[in-house]
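Taking the numbering used here, the leading residue of the sequence shown gets 39, the next gets one more, and so forth.
Think of the CB as a built atom: it goes at the ideal place given N, C-alpha and C, for glycine as much as any other residue.
Following: one structure in C-alpha cells, then a few remarks.
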Amino acid sequence: MKLIHHVTTTVVDIRRETSRITVYELADPDGWDLPPFTPGSHIDVFLDDRTARQYSLCGPFSRPDRYRIAVQREDAGRGGSRAIHEGWTLGTIVPVSLPRNTFHMDHGHMGDGAEHRILAAGGIGITPIIAMAEALAGSGASFELHYAARSPEEAAFRDALEGGPFSDRVTFHYSEGQHGKGHGGKRAGRLDLSGLLAAAAPGTHTYICGPKPMIDEARDFAEATGRDDIHLEQFGTHATITPGAETAYTVDLARSGGSVEVAVGQTMLEALRQAGVEIAASCHAGVCTSCKTRYLAGSPLHKDLVMSPADRREFVTPCVSEVMGARIVLDL
Ligand code: FES
Numbered sequence: 039m040k041l042i043h044h045v046t047t048t049v050v051d052i053r054r055e056t057s058r059i060t061v062y063e064l065a066d067p068d069g070w071d072l073p074p075f076t077p078g079s080h081i082d083v084f085l086d087d088r089t090a091r092q093y094s095l096c097g098p099f100s101r102p103d104r105y106r107i108a109v110q111r112e113d114a115g116r117g118g119s120r121a122i123h124e125g126w127t128l129g130t131i132v133p134v135s136l137p138r139n140t141f142h143m144d145h146g147h148m149g150d151g152a153e154h155r156i157l158a159a160g161g162i163g164i165t166p167i168i169a170m171a172e173a174l175a176g177s178g179a180s181f182e183l184h185y186a187a188r189s190p191e192e193a194a195f196r197d198a199l200e201g202g203p204f205s206d207r208v209t210f211h212y213s214e215g216q217h218g219k220g221h222g223g224k225r226a227g228r229l230d231l232s233g234l235l236a237a238a239a240p241g242t243h244t245y246i247c248g249p250k251p252m253i254d255e256a257r258d259f260a261e262a263t264g265r266d267d268i269h270l271e272q273f274g275t276h277a278t279i280t281p282g283a284e285t286a287y288t289v290d291l292a293r294s295g296g297s298v299e300v301a302v303g304q305t306m307l308e309a310l311r312q313a314g315v316e317i318a319a320s321c322h323a324g325v326c327t328s329c330k331t332r333y334l335a336g337s338p339l340h341k342d343l344v345m346s347p348a349d350r351r352e353f354v355t356p357c358v359s360e361v362m363g364a365r366i367v368l369d370l
C-alpha cells in the first residue's frame, strides 16, 4: 500500500544546531501559507512511497508559511535521519502529512485550566517543548522550562533559549561537561524530574518530552501519585520496537463478523490489511496513533509510545501492538 501525502514542501533553510542535530525549514514551493498547527504537533515526513518519519514542529508561529523541524542523526537507527542529513539540500522537495497533535497543550480559553506550566525536555525532546514555550510566552502565560542535555554543545536551540524573549524562564541541566555561563537562562546540575514534579504547586500542568528513561520516570511518578496533570511524549525508542507477533493469535471483527489469523512474525495491521480490512496507518512505529482501533475483548500487549493508560484500556495500535492470549475482539 502506498502512503498518501497531503502537502508538498521544499527545503528553504538548513541550519546545523549541534554535531548531530540539523534544523530544516520547509515551505510551500509557491510560497503559500502551510496548513496551521498547534504547539505539540508533528508531521509525517515521507522519505519515499513507503517510508515516513515523524518530526515535531518547533515553530515558527510567526511564519505561517514555514514548518521548522529538527532532525537528530541516529547512526544506529533505521536510516531515516541519515537519509535526511545526507540527502536534503536547499530546494529538495519533501512531501509531508497534515500536522497532527497527540501532545496537546490546551492553553486557550478552553484549556487545561493551569495556573502555571512546567515544560521539561530531554535531548531532541526540546522540539515540541520550544513550540509550547513560544506559544505560552506569546500569550503571557506563566511557565518555566527545564532542558536536560548531556552538555552545552549537545543542547539544540541553545541560542534561542539563552538569548530569546523567555530566557529568564529557562533552566539548563547538563549532565556532563562545563556548565559555563551562557547569555541567558539558569544553569543547574542533572535534572531531578521526580523532585520537580513533587514540588509542583497545585494548579500546575507539566508537559514532558524526552527519551524513554525520562518518560518512564514521569509515568511511574504519575501512576504512584495518581496525578493527571502530567502530559508525556516519548522520543528516541523507535528503533527498539520490533513489530510482529511472537505467537499466533486470532482477531475477531465484531461488526463485520469475520476473523483474521495473525501469524508469528506478522503485525496485526499486516494481517488485517491482507484480509482486506481497511485500516489507516502512517508511522508503523506506534507513535502517530493513526491506526488506533477500539477493542472490545482480549488483552493487548501495548507497544505504542504515546497512548495514555486510559486510552490503552479502550484502544490498541495494530501496527506494533500484540495480544496476550489467543484472541482479541476489535470494533471493526
Ligand atoms: S501507524 Fe502510527 S501508531 Fe500505528
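- Put simply, of Glu182, Ile253 and Pro73 the residue whose alpha carbon is nearest the alpha carbon of Ser205 is Glu182.
- Per the Cβ contact rule, the region 75-86 is not in contact with the region 175-194 (fewer than 3 Cβ pairs under 8 Å).
- Selection Ala364, Arg91, Pro77 and Pro73 evaluated against Pro102 yields Pro73 as nearest (Cα-Cα).
- By alpha-carbon distance to Ala158, the top candidate from His184, Thr288, Ala114 and Arg106 is His184.
- Residue pairing of His322 in beta bridges, as defined by DSSP: absent, with no partner found.
- Going by C-alpha positions, Leu310 is about 11 Å away from Thr288.
- Less than 8 Å divides the Cβ of Ala169 from the Cβ of Cys96.
- Of the heavy atoms belonging to ligand 1, at least one sits nearer than 7 Å to the Cβ of Ala319.
- Secondary structure in the region 144-194: the beta strand (DSSP E) runs of 3 residues or longer, each lying completely within the stretch, are 154-160 and 181-187 in chain order.
- The closest CA to that of Gly314, considering only Phe210, Ser294 and Ser320, is found on Ser294.
- Using a cutoff of 7 Å, the CB of Val361 does not count as near ligand 1, since none of the ligand's heavy atoms is closer than that.
- Inter-segment contact for the region 60-69 and the region 106-114 is present: three or more beta-carbon pairs are separated by less than 8 Å.
- Here Gln110 is near Ser119, since their CB atoms are less than 8 Å apart.
- Taking a cut-off of 8 Å for Cβ pairs, the region 153-167 and the region 241-253 touch, as three or more such pairs fall below it.
- For Gly78, the closest C-alpha among the options Gly248, Thr285 and Lys224 is that of Gly248.
- Short note on Thr355: C-beta closer than 7 Å to some heavy atom of ligand 1.
- The beta carbon of His322 sits closer than 6 Å to those of Cys357, all from its chain and outside the five residues before and after it, given in chain order.
- Taking a contact as a CB-CB distance under 8 Å, the pair Leu339 and Glu360 counts as one, their CB atoms being some 4 Å apart.
- By DSSP's assignment, Cys247 forms a beta bridge with Ala159 and Glu271.
- Judged by beta-carbon spacing, Met306 lies beyond the 8 Å limit of Ser337, meaning their Cβ atoms are not closer than that value.
- Under DSSP, His80 forms a beta bridge with Ser94 and Arg138.
- Taking the CA atoms as reference points, Glu308 sits about 21 Å from Arg350.
- Comparing C-alpha distances from Phe195 to each of Thr285, Ile167 and Glu261 shows the shortest one belongs to Ile167.
- Remark: C-beta atoms of Leu136 and Val50 do not approach each other more closely than 8 Å.
- Taking a 10 Å sphere around the C-beta of Ile164, we find 16 or more other C-beta atoms and assign the residue as buried.
- For Gln312, no beta strand (DSSP E) encloses it; the enclosing alpha helix (DSSP H) starts and ends at Met306 to Gln312.
- The shortest C-alpha to C-alpha distance from Glu112 to any of Leu234, Thr327, Ser57 and Arg332 is the one to Ser57.
- A distance below 6 Å between beta-carbons, with the five flanking residues on each side excluded, links His269 to the following residues of its chain, in chain order: Tyr245.
- A distance below 6 Å between beta-carbons, with the five flanking residues on each side excluded, links Ala193 to the following residues of its chain, in chain order: Ala187.
- When the beta-carbon positions are compared, Ala286 and Val302 come within less than 8 Å of each other.
- Close CB contacts of Thr331 within its chain, under the 8 Å cut and outside five residues either way in sequence, are with Ile317, Phe353, Val354, Thr355, Pro356, Leu368, Asp369 and Leu370 (chain order).
- Comparing alpha-carbon positions, the option among Asp266, Arg207 and Gly176 lying closest to Pro240 turns out to be Asp266.
- The residues Ala292, Val367 and Asp369, in chain order, have a CB closer than 6 Å to that of Leu334 in the same chain once the five nearest residues on each side in sequence are set aside.
- Around the beta-carbon of Arg54, fewer than 16 other beta-carbon atoms lie within 10 Å, marking it exposed.
- Ligand 1 has a heavy atom closer than 7 Å to the beta-carbon of Gly324.
- In the DSSP assignment, Ala121 falls outside any beta strand (DSSP E) and lies within the alpha helix (DSSP H) extending over Gly118 to Gly125.
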